[in-house]
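Trainee: Going by the working numbering, the first residue of the sequence shown is number 1, and it counts up by one from there. This is the structure, below, for whatever I ask next.
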Amino acid sequence: MTDSTSATQGGSETKEFSAEVGRLLDLVVHALYSEREIFLRELVANAADATDRRRFEALTDGARALPEGAKIRINPDKDARLLTISDDGAGMSREELVSNLGTIARSGTRAFGQQLENAKPEDRPSLIGQFGVGFYAAFMVADKVEVVSRRAGAEVAWRWSSDGRGSYTIEPASRETAGTDITLHIKTDADEFLDPYRLQSIIRKWSDHIAWPVTIMQDGKEEAANEGTALWRKPRSEVTTEQLEEFYRHLTHNFDTPWETLHWRAEGTMEFSALLFIPSSRPFEFSEQTRESRIRLHVRRMFITDEAEILPSWLRFVQGVVDTEDLPLNVSREMLQATPVLARIRKAVTGKVLSSLKARLEDAQAYETFWDNFGPILKEGMWDDPTYRTEVAGLSRFRSSAVDGLTGLADYVNRMKPEQDAIYYVTGDNTDVLAASPQIEGFKARGIEVLLLSDAVDSFWPERLGTYEGKTLRNVAQGLNDLDKFAPDTETAAQKADMDTLLPALKAALENEITDVRATDRLVSSAMVLSAPEGGPDLQLRKLMQRSGQAMPEAKPVLELNPAHPLTHALAARLQAGEDIAPLAHILLDVASIQNGDTPKDVNAFASRIMNYLAAPTTAD
Numbered sequence: 001m002t003d004s005t006s007a008t009q010g011g012s013e014t015k016e017f018s019a020e021v022g023r024l025l026d027l028v029v030h031a032l033y034s035e036r037e038i039f040l041r042e043l044v045a046n047a048a049d050a051t052d053r054r055r056f057e058a059l060t061d062g063a064r065a066l067p068e069g070a071k072i073r074i075n076p077d078k079d080a081r082l083l084t085i086s087d088d089g090a091g092m093s094r095e096e097l098v099s100n101l102g103t104i105a106r107s108g109t110r111a112f113g114q115q116l117e118n119a120k121p122e123d124r125p126s127l128i129g130q131f132g133v134g135f136y137a138a139f140m141v142a143d144k145v146e147v148v149s150r151r152a153g154a155e156v157a158w159r160w161s162s163d164g165r166g167s168y169t170i171e172p173a174s175r176e177t178a179g180t181d182i183t184l185h186i187k188t189d190a191d192e193f194l195d196p197y198r199l200q201s202i203i204r205k206w207s208d209h210i211a212w213p214v215t216i217m218q219d220g221k222e223e224a225a226n227e228g229t230a231l232w233r234k235p236r237s238e239v240t241t242e243q244l245e246e247f248y249r250h251l252t253h254n255f256d257t258p259w260e261t262l263h264w265r266a267e268g269t270m271e272f273s274a275l276l277f278i279p280s281s282r283p284f285e286f287s288e289q290t291r292e293s294r295i296r297l298h299v300r301r302m303f304i305t306d307e308a309e310i311l312p313s314w315l316r317f318v319q320g321v322v323d324t325e326d327l328p329l330n331v332s333r334e335m336l337q338a339t340p341v342l343a344r345i346r347k348a349v350t351g352k353v354l355s356s357l358k359a360r361l362e363d364a365q366a367y368e369t370f371w372d373n374f375g376p377i378l379k380e381g382m383w384d385d386p387t388y389r390t391e392v393a394g395l396s397r398f399r400s401s402a403v404d405g406l407t408g409l410a411d412y413v414n415r416m417k418p419e420q421d422a423i424y425y426v427t428g429d430n431t432d433v434l435a436a437s438p439q440i441e442g443f444k445a446r447g448i449e450v451l452l453l454s455d456a457v458d459s460f461w462p463e464r465l466g467t468y469e470g471k472t473l474r475n476v477a478q479g480l481n482d483l484d485k486f487a488p489d490t491e492t493a494a495q496k497a498d499m500d501t502l503l504p505a506l507k508a509a510l511e512n513e514i515t516d517v518r519a520t521d522r523l524v525s526s527a528m529v530l531s532a533p534e535g536g537p538d539l540q541l542r543k544l545m546q547r548s549g550q551a552m553p554e555a556k557p558v559l560e561l562n563p564a565h566p567l568t569h570a571l572a573a574r575l576q577a578g579e580d581i582a583p584l585a586h587i588l589l590d591v592a593s594i595q596n597g598d599t600p601k602d603v604n605a606f607a608s609r610i611m612n613y614l615a616a617p618t619t620a621d
């Protein structure tokens with residue numbers, strides 16, 4: 001559609017909007033942005049672009065030099081219901097007003113950007129607006145918008161005005177200096193945007209770090225609205241530790257000092273600045289359900305979103321800012337296009353964080369502090385990220401049956417017996433309980449190290465990781481027969497009970513509750529232990545799934561007995577004497593469940609069996 005003039009009076013013309021995208025204005029006003037406050041971000045961004053543009057033009061034309069103290073001014077007038085955003089930028093001529101504001105989705109910024117291809121990198125202004133629709137977000141809160149603009153180097157100004165319903169008026173106007181005033185006639189349902197404090201909070205959220213000062217008129221005085229200092233864009237040598245810590249607290253709302261600070265600028269085919277922090281303590285809201293990373297993405301200092309997933313979910317404890325010049329955005333700036341640029345930024349930032357963690361491994365004490373805070377989250381990477389699974393495994397630390405403190409998988413492998421071909425582990429709710437668990441008695445007796453895994457994620461990631469440095473990960477609670485190839489450190493002469501008749505009797509008594517009853521050589525001081533059936537999920541995993549309300553297929557445990565234990569001998573003797581051992585078999589199973597950290601399947605039945613056993617007459621009676 002081309003411009004059409006419907007009226008001409010004394011230099012004033014009313015024109016129909018031309019549109020490169022059909023009905024785009026209505027789309028912007030009603031559907032493009034999810035938050036009304038976005039309009040202020042867009043207008044401030046445009047003002048910043050215009051100021052950058054004038055600075056750039058002044059390099060070759062001194063008449064267009066910026067005035068001293070150039071800034072962006074916001075002036076709310078509650079009585080008149082007007083909100084004005086003013087700048088000292090390049091301004092627009094009549095032709096530019098028609099071209100940039102009269103043609104929806106045509107951006108003067110974008111057109112100007114095309115003129116910069118041959119300019120030196122250091123001379124290029126940081127232009128934000130690329131799609132030419134941000135201006136029209138003003139109609140979300142205004143029923144009329146007026147723009148008075150004077151081009152830098154020109155003597156005349158022009159007024160553009162529209163109610164956003166399909167036409168606009170352009171006419172001569174007056175403005176003492178070059179720049180632009182955008183005046184919004186605020187709708188009756190948008191009173192909040194006439195409140196200086198509300199406006200300041202919006203600026204702090206979206207535009208706190210743009211290069212130009214932003215002020216808001218409050219009680220007849222101009223008050224600074226933005227910080228204006230993007231620490232992440234400064235060289236590390238120019239930023240003090242105090243400044244970094246202050247920004248960290250401002251960003252995270254934490255009161256500690258960061259455990260690690262990563263501050264760098266990537267240059268070359270892909271350019272971005274980053275300032276990231278790893279807290280030294282778990283945030284108060286650590287238990288919240290969200291698993292998404294919340295790194296703030298800025299484009300040319302302007303905050304865009306914290307939902308860009310710059311880091312994977314298993315690094316969500318990292319907080320900070322990434323700022324780029326290169327990222328293409330969609331028209332709303334609220335949703336990011338799936339571009340190769342963003343993918344490369346994600347890869348680079350993730351790699352930087354992992355490299356930093358690897359470097360901190362040398363300080364075992366400091367790393368233990370980090371691990372206690374965020375280890376359970378980091379380990380999620382071994383479960384759901386095949387790209388970084390092995391790297392995360394190398395960074396992970398665990399409690400062990402063989403050493404004090406934390407150990408890594410590589411250290412475990414170095415301590416393995418020559419004939420050992422697996423990394424053994426056991427899962428549960430508490431490392432102290434696991435250290436005394438019957439599950440690992442046989443391994444400890446043979447000098448075989450077992451990793452004690454007590455985090456919820458530990459029931460999942462070993463299966464995905466599978467191997468480490470060629471060694472298979474094996475859960476000792478799976479009823480393994482691996483101990484046959486390891487001789488005990490000390491031989492025992494304990495006599496074994498007759499299991500040939502005992503095992504079938506116990507299995508018959510418990511046939512509805514267990515998969516099998518078997519003798520095992522992995523118990524030393526304990527009489528029995530429960531294990532998972534062959535190929536079935538381990539008991540800890542079943543427990544976790546049940547706690548979360550997840551249905552699990554029925555899988556009865558295996559009851560393993562120590563043939564040399566006095567209790568086993570007593571059961572065999574009772575059976576040989578002709579006693580009914582079925583009640584004792586059930587007590588045995590219930591006690592084994594308690595040892596495993598569970599409650600008996602039927603608590604009342606368990607209590608009744610115990611009472612009956614205690615009340616039974618003794619042999620002396």
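For each residue, glycine too, the CB sits at the ideal point set by N, CA and C.
Counting only runs of 3+ residues fully inside the region 453-488, write out the beta strand (DSSP E) ranges in chain order.
Mentor: As far as the region 453-488 is concerned, its whole beta strand (DSSP E) runs of at least 3 residues are 471-475.
Trainee: Tell me the rounded alpha-carbon separation between E288 and R316.
Mentor: Its pLDDT being 49, under 50, E288 is placed unreliably in this model, and the value from its coordinates should be taken loosely. Each residue's Cα considered, the two are about 12 Å apart.
Trainee: Is it buried or exposed, N226, if we count other Cβ atoms within 10 angstroms and call 16 or more buried?
Mentor: So N226 ends up on the buried side.
Trainee: Is it true that the CB of A48 sits closer than 7 Å to the CB of W212?
Mentor: Contact flag set, yes.
Trainee: Which one of D323, D484 and L589 has the shortest CA to CA distance from Q420?
Mentor: Cα-wise, what sits closest to Q420 is D484.
Trainee: Check each candidate in G153, R446 and E95 and name the one with the smallest Cα separation from E57.
Mentor: If we check each option's Cα against that of E57, G153 comes out closest.
Trainee: Going along the chain, which unbroken runs of the beta strand (DSSP E) with 3 or more residues stay wholly within the region 127-214?
Mentor: You should have 142-150, 157-162, 167-173 and 179-186.
Trainee: Expressed to the nearest angstrom, what Euclidean distance is found between the alpha-carbon atoms of R389 and M382?
Mentor: Whole-angstrom Cα-Cα distance: 4 Å.
Trainee: Jot down the residue ranges of each uninterrupted beta strand (DSSP E) in the region 231-279, minimum 3 residues, whole runs only, in chain order.
Mentor: Taking only runs of at least 3 residues, the beta strand (DSSP E) segments lying wholly in the region 231-279 are 258-266 and 272-279.
Trainee: What is the C-beta distance between E42 and G134, in whole angstroms, given that I count them as a contact (C-beta under 8 Å)?
Mentor: The Cβ separation is near 3 Å, so the contact holds.
Trainee: Kindly identify the DSSP beta-bridge partner or partners of P623.
Mentor: Missing from the structure shown is residue 623; the chain here goes from 1 to 621 and no further.
Trainee: Please state whether the Cβ-Cβ distance between E560 and V529 is less than 7 Å.
Mentor: Result yes, Cβ atoms of E560 and V529 sit closer than 7 Å.
Trainee: Tell me whether the beta-carbon of L473 lies closer than 7 Å to the beta-carbon of P462.
Mentor: Taking 7 Å as the Cβ cut-off, L473 and P462 qualify as a contacting pair.
Trainee: Smallest Cα separation from N562: which of A497, A348, T599 and A585?
Mentor: Selected option, being the one with the closest Cα: A497.
Trainee: Could you round the C-beta distance between L406 and W314 to whole angstroms and report it? I think they count as a contact, below 8 Å.
Mentor: Contact flag wrong, Cβ pair sits at about 19 Å.
Trainee: For a quick check, are the C-beta atoms of R165 and S93 less than 7 Å apart?
Mentor: Their beta carbons are not under 7 Å apart, which means R165 does not touch S93 by this criterion.
Trainee: Could you check which residue in A616, N604 and A477 has the C-alpha nearest to that of V558?
Mentor: The option with the nearest alpha carbon to V558 is A477.
Trainee: Taking its Cβ as the centre, do 16 or more other Cβ atoms sit within 10 Å of K15, making it buried, or is it exposed?
Mentor: Buried: at least 16 other Cβ atoms inside 10 Å.
Trainee: K347 lies in the alpha helix (DSSP H); which residues open and close that run?
Mentor: Per DSSP, K347 belongs to the alpha helix (DSSP H) from P340 to R360.
Trainee: Under DSSP, the beta strand (DSSP E) around S437 begins and ends at which residues?
Mentor: Where S437 is concerned, there is no enclosing beta strand (DSSP E), given that its DSSP letter is neither H nor E.
Trainee: What first and last residue would you give for the alpha helix (DSSP H) that runs through I377?
Mentor: Note, I377: alpha helix (DSSP H), A364 to L378.
Trainee: I'd like the span of the alpha helix (DSSP H) that includes Y425, first residue to last.
Mentor: No alpha helix (DSSP H) holds Y425; the beta strand (DSSP E) holding it covers A422 to T427.
Trainee: Where in the region 36-69 do unbroken runs of the alpha helix (DSSP H), each at least 4 residues long, occur, reported from the N-terminal end onward?
Mentor: If we require 4 residues or more, the alpha helix (DSSP H) runs fully inside the region 36-69 come out as 38-57.
Trainee: Using 8 Å for Cβ pairs, my map puts K471 next to S401. What's the rounded Cβ distance?
Mentor: Contact flag wrong, Cβ pair sits at about 17 Å.
Trainee: Using 10 angstroms around the beta-carbon of I72, count the other beta-carbons present and answer buried if the total reaches 16, otherwise exposed.
Mentor: Result: buried.
Trainee: From which residue to which residue does the alpha helix (DSSP H) around D219 run?
Mentor: No alpha helix (DSSP H) holds D219; DSSP gives it neither H nor E.
Trainee: When the Cα of P566 is compared with those of D52, A615, S526 and V591, which residue comes out closest?
Mentor: Residue S526 is the option with its Cα nearest to P566.
Trainee: State the DSSP-derived secondary structure class of D79, mapped to helix, strand or coil.
Mentor: Looking at D79 - three-state DSSP - the assignment turns out to be coil, as it is neither helix nor strand.
Trainee: Confirm, please, whether the CB-CB distance from A190 to V141 is below 7 Å.
Mentor: A contact, by the Cβ cut-off of 7 Å.
Trainee: Take L453 and list the residues in its own chain whose beta-carbon comes closer than 6 Å to its own, dropping the five residues that flank it on each side.
Mentor: Excluding sequence neighbours, L453 sits near Y425 and T427.
Trainee: Secondary structure at I610, three-state DSSP: helix, strand or coil?
Mentor: In this structure, I610 counts as helix in the three-state DSSP scheme.
Trainee: My output table needs one value for S400: the three-state DSSP class, helix, strand or coil.
Mentor: Of the three classes helix, strand and coil, the one that applies to S400 here is strand, per DSSP.
Trainee: Can you give me the start and stop residues for the beta strand (DSSP E) that V321 sits inside?
Mentor: Here the beta strand (DSSP E) through V321 covers Q319 to T324.
Trainee: Roughly how many angstroms lie between the CA atoms of I295 and R64, to the nearest whole one?
Mentor: The straight-line gap from Cα to Cα measures roughly 39 Å.
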